[in-house]
Every structure is written in C-alpha cells, then in structure tokens.
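Before any comments, here is the structure.
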Ligand code: FES
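In this note's numbering, the protein residues as written are 6 to 77.
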C-alpha cells in the first residue's frame with residue numbers, strides 16, 4: 006500500500022529500509038524521502054516505522070533467549 010503519494014513510497018519499502026538498517030523515523034525519512042513534500046503521510050509513516058521497529062525488537066528478544074535456556 007502506498008504510504009507517501011508524493012514520493013511514491015510504500016509500506017513495504019519502509020519495512021525494507023528498517024530491515025536494511027534504518028532505526029528511526031528520521032532515518033527512514035532521510036533514506037526514502039517520505040513526508041518530504043506535503044507531509045500528509047507523516048502520521049501513517051511513523052506508525053509503520055513504529056510497528057516494524059517493535060517487530061524487529063521482539064524478534065531480537067526471541068533470539069537473545071534461546072528455548073534451551075528457558076527455565077522449566
Ligand atoms: S504524501 Fe508524503 S509528502 Fe505528500
């Protein structure tokens with residue numbers, strides 16, 4: 006789905022940018038140019054960034070505690 010019509014940026018591109026190293030809304034904005042024209046997409050773009058960062062965070066938490074170390 007398109008998040009930013011002015012720059013033609015999709016939610017998938019935002020997610021990819023985060024998986025490739027962006028770690029904040031500011032990083033995503035600088036990388037993709039999202040919200041750099043009219044700014045109407047800023048709220049939705051921030052939401053996609055927040056959701057993706059929390060997904061990445063929880064998958065990293067899962068890796069930090071392998072099942073073999075979980076107390077029975
Ligand atoms: S829709 Fe993103 S800057 Fe206009």
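All C-beta atoms in this analysis are idealised placements derived from N, C-alpha and C, irrespective of residue type, glycine included.
* Asked: With DSSP run on the structure shown, which of helix, strand or coil describes residue 14?
  -> Position 9 of the chain shown, counted from the start, is the residue given in the question as residue 14. Reduced to three states, the DSSP call for residue 14 is strand.
Name the residue from 66, 41, 61 and 68 whose alpha carbon lies nearest to the alpha carbon of residue 26.
-> Position 21 of the chain shown, counted from the first residue, corresponds to residue 26. Measuring from the Cα of residue 26, the nearest candidate turns out to be 61.
| task | Along the beta strand (DSSP E) that carries residue 9, what are the first and last residues, could you check? | result | Counted from its first residue, the chain shown places residue 9 at position 4. Residue 9 -> beta strand (DSSP E) spans 7-9.
_Nearer than 6 Å: is that true of the beta carbon of residue 28 relative to any heavy atom of ligand 1?_
Taking the first residue of the chain shown as position 1, residue 28 is located at position 23. Flag unset: Cβ of residue 28 not near ligand 1.
Contact test: residue 62 Cβ vs ligand 1 heavy atom, cutoff 6 Å:
For the purposes of this step, residue 62 is taken as the residue at position 57 of the chain shown. Result no, Cβ not under 6 Å from ligand 1.
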